[in-house]
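Take a look at the structure below.
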Amino acid sequence: MQPDFAELNRFLLDCPPFDQLSQEQRQWAAGQIKAVYLNEHNVDELFRAHSPALYIVRSGGFDLLTPDGALIERLESHDLFGFPSLLTGRGVVNKLEVIEDGIVYILSADVFDQLRQHSRAFEHYFIRAHEQRLLSQQGQRAAPANAYGDSLQRLVSEVVTRTPIGLASTATIQEAAQCMRDEKISSVLVVDDERLVGILTDRDLRNRVVAQGLDYGIHVNAVMTQAPATIRGQQTLLDALTLMTQENIHHLPVLDEQDRPMGMLTNTDLMRQQKSEPVMLISALNKAQSRQALVDEAQHIPDYMHSFALRMNDAAAVGRLLASLTDTMTRKLIDFYEREHGVAPAAYVWLAFGSQGREDQTLSSDQDNGLLLVNDLNEQQLAWFASLGDYVCEGLADCGVPKCPGNIMASNPDCRRTRAGWLERFTSWTESPTPKALMYCQIFFDSRNVQGNKRLYQAYREDVARLGQSEFFLGNLARLQANVQVPLGLFNRFRGTESGKDSDLVDIKRHGLALINDIVRLYSLHAGLTEPRTLARLHLLEASKLLNRKDNQALAEAWQFLTQLRLQHQLAVWGTEQPKNALDPDDLSTLSRRQLKSAFRILKDCQQGVSLKFGRTG
0 MQPDFAELNR FLLDCPPFDQ LSQEQRQWAA GQIKAVYLNE HNVDELFRAH
50 SPALYIVRSG GFDLLTPDGA LIERLESHDL FGFPSLLTGR GVVNKLEVIE
100 DGIVYILSAD VFDQLRQHSR AFEHYFIRAH EQRLLSQQGQ RAAPANAYGD
150 SLQRLVSEVV TRTPIGLAST ATIQEAAQCM RDEKISSVLV VDDERLVGIL
200 TDRDLRNRVV AQGLDYGIHV NAVMTQAPAT IRGQQTLLDA LTLMTQENIH
250 HLPVLDEQDR PMGMLTNTDL MRQQKSEPVM LISALNKAQS RQALVDEAQH
300 IPDYMHSFAL RMNDAAAVGR LLASLTDTMT RKLIDFYERE HGVAPAAYVW
350 LAFGSQGRED QTLSSDQDNG LLLVNDLNEQ QLAWFASLGD YVCEGLADCG
400 VPKCPGNIMA SNPDCRRTRA GWLERFTSWT ESPTPKALMY CQIFFDSRNV
450 QGNKRLYQAY REDVARLGQS EFFLGNLARL QANVQVPLGL FNRFRGTESG
500 KDSDLVDIKR HGLALINDIV RLYSLHAGLT EPRTLARLHL LEASKLLNRK
550 DNQALAEAWQ FLTQLRLQHQ LAVWGTEQPK NALDPDDLST LSRRQLKSAF
600 RILKDCQQGV SLKFGRTG
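Just so you know, numbering that gives the first Met the number 0 puts 525 at position 526 of the sequence shown, and the rest follows in order with no gaps.
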């Protein structure tokens with residue numbers, strides 16, 4: 000049948016990419032379009048009678064399926080399909096299933112090709128739509144060197160080009176010093192049988208040898224840093240910057256995929272790559288000599304991060320960088336406190352929870368932190384740590400990191416516990432998982448050591464991981480997650496999550512990103528993992544029998560897409576009173592709306608999987 004020309008013209012004007020055509024081109028295209036009314040009786044004829052072609056949904060609802068019946072996409076008004084075959088020349092193999100009878104417009108291959116030839120914007124729209132998945136697959140790093148405008152997406156292997164300088168662990172201190180002098184380097188790799196066993200730096204020579212009056216003839220393995228932090232050549236400079244900041248180190252050994260040393264990355268190498276951006280900002284924070292100087296430097300962070308985020312093509316990197324900045328400010332505040340009150344009277348760990356623990360902070364994240372203390376402290380020691388918690392949390396607030404509305408901060412005695420105290424609390428949560436306890440678990444199971452005793456933290460984290468494997472506890476967590484409503488209603492239409500005047504808005508944090516974090520955390524708890532980052536958890540779960548490879552990849556892509564979308568929205572409402580996590584789907588492009596629906600469908604499917612695998616226990 001032939002559609003009404005005037006009505007079709009109005010429809011195309013609101014249907015990307017036809018809205019980017021000239022009026023003359025759009026009117027010509029409208030004159031070439033045919034329309035079919037599809038129902039369950041004639042739907043199979045569409046591809047047989049009209050293929051290849053571009054199909055545009057005018058009304059109704061349809062499921063696009065693979066040949067074996069797997070859902071590719073649920074289609075509704077203004078959605079387009081069929082263009083992959085037009086671009087690649089391959090035959091149509093997919094199937095269409097009617098959910099709600101409706102009208103589909105058909106644009107022939109000849110007309111499609113002519114529009115592509117005369118409109119670059121029209122052609123590029125379909126090329127992007129065809130090539131872009133929800134986002135690049137997890138771990139894909141091959142972004143252009145200037146993608147950030149600051150080279151932090153460059154691979155470490157591109158920067159570390161010098162042949163690695165290494166010595167055996169049985170070399171003497173004098174031989175190591177002579178090597179560092181001759182090679183003009185400030186650190187040397189300690190390598191036995193092509194395996195890295197440690198590093199020796201000029202600081203080690205000063206503090207552990209000269210200052211201690213040791214014999215220069217002893218072996219380097221007596222004074223080297225054993226089992227140092229390392230990075231792989233295929234990781235990015237931003238990964239290196241984050242790791243060096245978290246570990247508070249200036250030398251980072253680089254390994255290849257076979258764990259063989261490739262070289263050494265230093266702060267100086269990063270400074271050469273980045274003369275005025277994140278490295279300089281973190282350096283300025285580290286150089287602050289007083290609390291007020293730190294607060295003054297931190298005032299530059301919001302405007303800088305806004306500018307930085309606008310130039311980035313990897314929103315996850317914003318989260319990592321913000322976490323690094325918060326880590327840096329935390330360590331400096333701890334350092335200032337110890338200068339005034341003396342060193343810590345006992346072993347401790349400053350814990351990061353929630354988004355800082357996962358390293359996915361946003362421009363509006365608040366504090367989530369705590370203190371892990373050794374057992375059997377006296378009142379005086381406990382008072383020292385109580386004062387530390389107050390000092391650091393107040394200092395972070397002055398630096399622009401808001402206090403947690405739920406009081407999950409080290410200034411709260413309930414978040415400042417000995418190892419036994421924390422384990423008692425986790426035990427009560429897992430054995431009596433009340434709604435409030437389950438809510439806390441969503442935060443406290445994502446933790447990271449920002450400053451303090453690594454062995455104490457590792458022992459604590461392994462104990463917590465064991466408690467989290469309780470089937471009774473996991474079953475209750477699964478039921479909690481099943482109650483979170485994914486914002487897709489009847490016929491795959493968006494459903495608002497807010498109330499009042501914002502009832503059309505969708506909170507992509509609580510009903511999207513947080514739900515993915517919750518689902519991945521559940522699988523991680525079952526597997527006994529101690530890694531807090533969502534994408535890293537998925538990577539470790541790749542071999543899991545509970546979470547198959549397809550669902551693993553789908554969750555990673557959905558998380559990346561929603562992270563990017565959330566960042567874009569926050570940048571768009573920067574400096575306004577508009578909600579930072581809730582957006583109106585109607586304000587998105589057709590492609591983004593389609594991707595958002597795909598992400599929500601993935602969540603619905605994974606929710607069902609969680610319910611089947613865990614929901615029957617507890």
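Here a beta-carbon is modelled for each residue, glycine too, at the ideal position from N, C-alpha and C.
Treat the numbers as computed from the prediction; the structure is a model and nothing was measured.
Does chain B have any CB closer than 9 Å to the CB of residue i?
i: LEU546; result: In the structure shown, chain B cannot be found, because there is only a single protein chain.
Hey, would you say residue i sits closer than 9 Å to residue j, going by beta carbons?
i: GLN177; j: GLY216; result: no
i: LEU512; j: PHE613; result: no
i: ARG231; j: VAL155; result: yes
i: THR325; j: LEU395; result: yes
i: ALA622; j: ASP501; result: Residue 622 is absent from the model: the chain starts at 0 and stops at 617.
i: GLU358; j: ARG330; result: no
i: SER323; j: THR244; result: yes
i: TYR54; j: PHE17; result: no
i: PRO344; j: LEU376; result: yes
i: ASP505; j: ARG492; result: The sequence given here has Val at residue 505, not Asp. Result no, Cβ atoms of VAL505 and ARG492 do not sit closer than 9 Å.
i: GLN594; j: LEU514; result: no
i: LEU487; j: TYR459; result: no
i: GLU541; j: ARG548; result: yes
i: LEU545; j: ILE507; result: no
i: LEU63; j: ARG73; result: yes
i: VAL190; j: LEU199; result: no
What is the DSSP secondary structure of residue i, counted as helix, strand or coil?
i: GLN457; result: helix
i: ASN104; result: For the record, residue 104 in the displayed sequence is Tyr; it is not Asn. The answer is strand: DSSP assigns TYR104 an E or B state.
i: GLN139; result: Unreliable placement is indicated for GLN139, whose pLDDT of 34 sits below 50; the coordinate value is still reported in the next sentence. In the structure shown, GLN139 sits in coil (DSSP, three-state: anything other than H, G, I, E or B).
i: GLN450; result: strand
i: HIS250; result: strand
i: THR265; result: strand
i: ASP238; result: helix
i: ASP187; result: Going by the sequence as given, residue 187 is Val instead of Asp. Correct three-state label for VAL187: strand.
i: GLY617; result: Note that GLY617 scores 48 on pLDDT, short of 50, meaning its location in the model is unreliable and no value can be drawn from it.
i: LYS94; result: strand
i: GLN131; result: Note on GLN131: pLDDT 49, under 50, position unreliable in the model; no value is reported.
i: ASN368; result: strand
i: LEU376; result: coil
i: HIS77; result: coil
i: THR224; result: strand
i: ALA477; result: helix
i: PRO260; result: strand
i: ARG89; result: coil
i: HIS218; result: strand
i: GLY394; result: helix
i: ILE164; result: coil
i: THR244; result: helix
If we count the other Cβ atoms within 10 Å of its Cβ and call it buried at 16 or more, is residue i buried or exposed?
i: LEU489; result: exposed
i: ASP258; result: exposed
i: LEU70; result: exposed
i: PHE4; result: exposed
i: GLY101; result: buried
i: PHE471; result: exposed
i: VAL400; result: buried
i: ILE126; result: exposed
i: TYR36; result: exposed
i: ASP367; result: buried
i: SER597; result: buried
i: ASP550; result: buried
i: ASP181; result: exposed
i: GLN152; result: buried
i: LEU134; result: Residue placement at LEU134 is poorly supported in this model, since its pLDDT is 34, which falls under 50; the coordinates still yield a value, given next. Buried is the call here.
i: VAL609; result: buried
i: HIS40; result: exposed
(request) Enumerate, from N- to C-terminal direction, the unbroken beta strand (DSSP E) stretches of 3 or more residues contained entirely within the stretch 488 to 553. (result) Counting only unbroken stretches of 3 or more residues, no beta strand (DSSP E) element lies wholly within the stretch 488 to 553.
(request) Examine the Cβ distances between the stretch 339 to 359 and the stretch 564 to 573 and report whether three or more of them are shorter than 8 Å. (result) no
(message) Is it the case that the stretch 177 to 195 contacts the stretch 206 to 213, given that we only count it when at least three CB pairs across the two stretches are under 8 Å?
(response) no
(request) Would you list, in sequence order, the uninterrupted beta strand (DSSP E) runs of no fewer than 3 residues that lie entirely inside the stretch 312 to 362? (result) 347 to 352
(request) Count the CB pairs spanning the stretch 518 to 530 and the stretch 595 to 609 that are closer than 8 Å, and state whether there are at least three. (result) yes
(request) Could you tell me whether the stretch 376 to 389 touches the stretch 335 to 346, where touching means 3 or more Cβ pairs closer than 8 Å? (result) yes
(message) I'd like to know if the stretch 218 to 233 and the stretch 292 to 302 are in contact, where contact means that at least 3 CB-CB pairs between them fall below 8 Å.
(response) Taking a contact to require three or more Cβ pairs closer than 8 Å, the stretch 218 to 233 and the stretch 292 to 302 do not qualify as touching.
(request) At 3 residues or longer, and completely inside the stretch 189 to 214: list those beta strand (DSSP E) runs for me, N to C. (result) 194 to 200
(request) Enumerate, from N- to C-terminal direction, the unbroken beta strand (DSSP E) stretches of 3 or more residues contained entirely within the stretch 12 to 73. (result) List check, beta strand (DSSP E) in window: 33 to 37, 52 to 56 and 60 to 64.
(request) At 4 residues or longer, and completely inside the stretch 411 to 439: list those alpha helix (DSSP H) runs for me, N to C. (result) 418 to 430
(message) Runs of 4 residues minimum, wholly inside the stretch 555 to 587: which ones carry the alpha helix (DSSP H) assignment?
(response) With a minimum length of 4 residues, no continuous alpha helix (DSSP H) run stays inside the stretch 555 to 587.
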